[in-house]
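Down below is the structure, laid out as structure tokens.
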Amino acid sequence: MTDTKAFDWRRFLLMWSAEWADGLADDQGRGEDDQEARRARWLGSPPASEDRVTAAEKRLGRRMPPSYREFLKASDGWRHAGGFVWRLAGTAEARWHDDESGLAVMFEEYLDENSEYEEWREAGLWRRGLQLDVESDAMYVLMDPEDVDDDGEWAVYTWAGWRAAPPVRHASFLEFMRDMHREFHSLRALPRDGAPAFVNDTTRGLDAQVEGARTAALRGDWEGAGRALEEAKGYGRPRAGGLGDQIRRLLGDTSMVYFEDLVTDSRYAPDLLPPLVAEFAEHSYRDDSTLGFHLRGADEELVAWAHATLERVRDRTYRYAPAGPFGEQVERARELARWGDTDGAWRTLRSALPLLRASATLSIPGISARKVRHITKA
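Each residue of the sequence shown is one higher than the last, beginning at 3 in the numbering used here.
Here it is, written out as structure tokens:
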């Protein structure tokens, strides 16, 4: 856990501001305030004095949680917290929500005597929460004075009706801001028309982390690699999700494994598309058209290949046939299985695994070999 009192807010906010300013297209901005923020390379306001913070606490009748206090002393408010909160409250604008939105009544309509305590507590947030959003895309940001940890930090909850999901909990104001920084990155990670390439010290460090994770996985540290890739995925770094999915699939996890960002790339599709299609084929309730959901951004040729592979898997004519020495051992194992020696087939495959090579630099050797579980079927 981060020491919220020791956290360098000024450094963090300056970094975020510079990344935001450098990532804007020439004509992008919501108005003169944004243009001034871009020129100044600063999304914040002047820092609040201790007297100003104390006066706000007196007005609200509560001492503010530590990380929000420290934030205010670095910047008395903030612009563009993530992608959907355009202005965040400082000392003058933080206020008790007091169910101004009427959402407490809406949430309570779904509760009865069988509802859990946490559900009632969540509904009550709209009556007791400290509201921090000032301008947003219908996104509420509330701190909960009753959800307090041992350090005196209040949890922050975010909610928007268009999400069609329960409020999202952030353990503290500091964690909320870190999550919004990640959201900002994930929304900027993909190229946009007219915008400069989104490259900065954060992205360079995370991309190096992704490559280091691949190396760590190949050395056997799949747990450390998984953690590193999950962090990079949170920032929207390309390939992080696809590499993490490969590790999960090799561990036997098929839930929500789609090899995102990689399966639609012609360099990786030969290895990753067949296991994705095979998993899809096992669920007969799925409409074939939904396969395209996992192939967003793919060209027509790759989509056609995917559907052709799906048909071959279903009618048991699909044949896993890698090139090179490993492919030769696969054929040997297939022949053993055809004659009933399935144990010998698996021993052959295990012995041949050192011969397996990734087809591209962001592929983990072995993922395509998961397909050989169909070896006795083809």
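We put the beta carbon where it would ideally sit given N, CA and C, even for glycine.
Quantities reported herein were computed from a predicted structural model and do not represent experimental measurements.
Sequence-distant residues of its chain with Cβ nearer than 7 Å to residue i (five each side left out)
{"i": "D101", "result": "W128, R129"}
{"i": "Y260", "result": "D247, L278, H296"}
{"i": "N202", "result": "E21, D24"}
{"i": "F178", "result": "V158, H172"}
{"i": "R190", "result": "G25, F200"}
{"i": "A8", "result": "none"}
{"i": "R314", "result": "Y320"}
{"i": "A283", "result": "L312, V315, R316"}
{"i": "H183", "result": "W18"}
{"i": "W348", "result": "none"}
{"i": "L264", "result": "R241, G244, Y270, L274, L364"}
Buried/exposed call for residue i, threshold 16 Cβ in 10 Å
{"i": "S257", "result": "exposed"}
{"i": "G222", "result": "exposed"}
{"i": "Y119", "result": "exposed"}
{"i": "D139", "result": "exposed"}
{"i": "E38", "result": "exposed"}
{"i": "V170", "result": "exposed"}
{"i": "A2", "result": "The displayed coordinates of the chain run from 3 to 380. Any statement about residue 2 would go beyond what the structure contains."}
{"i": "L253", "result": "exposed"}
{"i": "E330", "result": "exposed"}
{"i": "L15", "result": "buried"}
{"i": "L192", "result": "exposed"}
{"i": "R298", "result": "exposed"}
{"i": "W122", "result": "exposed"}
{"i": "T217", "result": "exposed"}
{"i": "P356", "result": "exposed"}
{"i": "T292", "result": "exposed"}
{"i": "A42", "result": "exposed"}
{"i": "P324", "result": "buried"}
{"i": "A234", "result": "buried"}
{"i": "W341", "result": "exposed"}
Proximity winner among the options, relative to residue i (alpha-carbon distances)
{"i": "W18", "options": "S69, R97, F200", "result": "F200"}
{"i": "W185", "options": "V143, G236, D149, P147", "result": "Note on identity: in this sequence residue 185 is Glu, with Trp being the wrong assignment. Among V143, G236, D149, P147, the Cα nearest to that of E185 is on G236."}
{"i": "R65", "options": "E330, P147, E303", "result": "P147"}
{"i": "R13", "options": "G46, A27, G254", "result": "G46"}
{"i": "S103", "options": "G244, G163, E115", "result": "G163"}
{"i": "Y70", "options": "R97, A27, F175, L62", "result": "F175"}
{"i": "F73", "options": "G33, E155, A230, T350", "result": "E155"}
{"i": "R81", "options": "R318, P68, R40", "result": "R40"}
{"i": "D2", "options": "W161, L275, R89, R318", "result": "A question about residue 2 goes unanswered here, because the residues of the chain that appear run from 3 up to 380."}
{"i": "P1", "options": "T217, E262, A306, G228", "result": "The structure shown does not extend to residue 1, since the chain spans only 3 to 380, so no value can be given for it."}
{"i": "D255", "options": "D289, D149, G228", "result": "G228"}
{"i": "D301", "options": "S268, P168, T344, P48", "result": "S268"}
{"i": "P67", "options": "V150, S51, Y142", "result": "V150"}
{"i": "G85", "options": "V305, T160, S353, P168", "result": "T160"}
{"i": "A242", "options": "G346, L304, T292, S188", "result": "S188"}
{"i": "W44", "options": "D153, A58, G226, S77", "result": "S77"}
{"i": "P327", "options": "L338, W341, A354", "result": "A354"}
{"i": "D289", "options": "H309, E95, E115", "result": "H309"}
{"i": "L245", "options": "A215, T266, L304", "result": "A215"}
{"i": "R62", "options": "A94, S51, P198", "result": "Reading off the sequence, residue 62 comes out as Leu, not Arg. Answer by Cα proximity: A94."}
{"i": "L358", "options": "L264, V332, E213", "result": "V332"}
{"i": "A166", "options": "H285, L304, W348, M141", "result": "M141"}
{"i": "R180", "options": "S117, R340, T204", "result": "T204"}
{"i": "E303", "options": "A339, T350, T266", "result": "T266"}
{"i": "D209", "options": "V305, G238, W11, R54", "result": "G238"}
Terminal residues of the beta strand (DSSP E) in which residue i lies
{"i": "E137", "result": "135–138"}
{"i": "T204", "result": "Here T204 belongs to no beta strand (DSSP E); instead the alpha helix (DSSP H) covers 203–220."}
Proximal residues to residue i (C-beta, below 8 Å), its chain only, five neighbours per side dropped
{"i": "A125", "result": "A106, F109, E110, L113"}
{"i": "A91", "result": "G79, R97, Q133, L134, D135, V136"}
{"i": "T311", "result": "L275, P276, V279, Y320"}
{"i": "W307", "result": "A271, L275"}
{"i": "P49", "result": "L74, K75, A76, S77, D78"}
{"i": "I366", "result": "R216, A219, L220, L245, Q248, I249, L252, A360"}
{"i": "E52", "result": "K75"}
{"i": "A230", "result": "Q211, V212, G214, A215, A218"}
Residue i: first and last residue of the uninterrupted alpha helix (DSSP H) it sits in
{"i": "V332", "result": "326–340"}
{"i": "A83", "result": "No alpha helix (DSSP H) contains A83, which is instead part of the beta strand (DSSP E) from 80–83."}
{"i": "K235", "result": "224–236"}
{"i": "E52", "result": "52–62"}
{"i": "M66", "result": "Careful: M66 lies outside any alpha helix (DSSP H) and carries neither H nor E."}
{"i": "I366", "result": "Taken as a continuous stretch (DSSP letters only), I366 belongs to no alpha helix (DSSP H), as it is neither H nor E."}
{"i": "L278", "result": "271–283"}
{"i": "A256", "result": "The amino acid occupying residue 256 in the given sequence is Thr; Ala does not appear at that position. T256 -> no alpha helix (DSSP H), and no H or E assigned at all."}
{"i": "R40", "result": "34–42"}
{"i": "D24", "result": "11–24"}
{"i": "R352", "result": "344–354"}
{"i": "V265", "result": "No alpha helix (DSSP H) holds V265; DSSP gives it neither H nor E."}
{"i": "T292", "result": "Per DSSP, T292 belongs to no alpha helix (DSSP H) and is neither H nor E."}
{"i": "T319", "result": "It is not in any alpha helix (DSSP H) - T319 carries neither H nor E in the DSSP assignment."}
Cβ neighbours of residue i in the same chain (closer than 6 Å, five flanking residues each side left out)
{"i": "G425", "result": "Outside the displayed span of the chain (3 to 380) sits residue 425, for which this structure offers no information."}
{"i": "G226", "result": "A218"}
Restricting to runs no shorter than 3 residues, where is the beta strand (DSSP E) found entirely within the stretch 142–204? List check, beta strand (DSSP E) in window: 156–162, 170–172.
Segments assigned beta strand (DSSP E), at least 3 residues, entirely inside the stretch 88–143: 135–138
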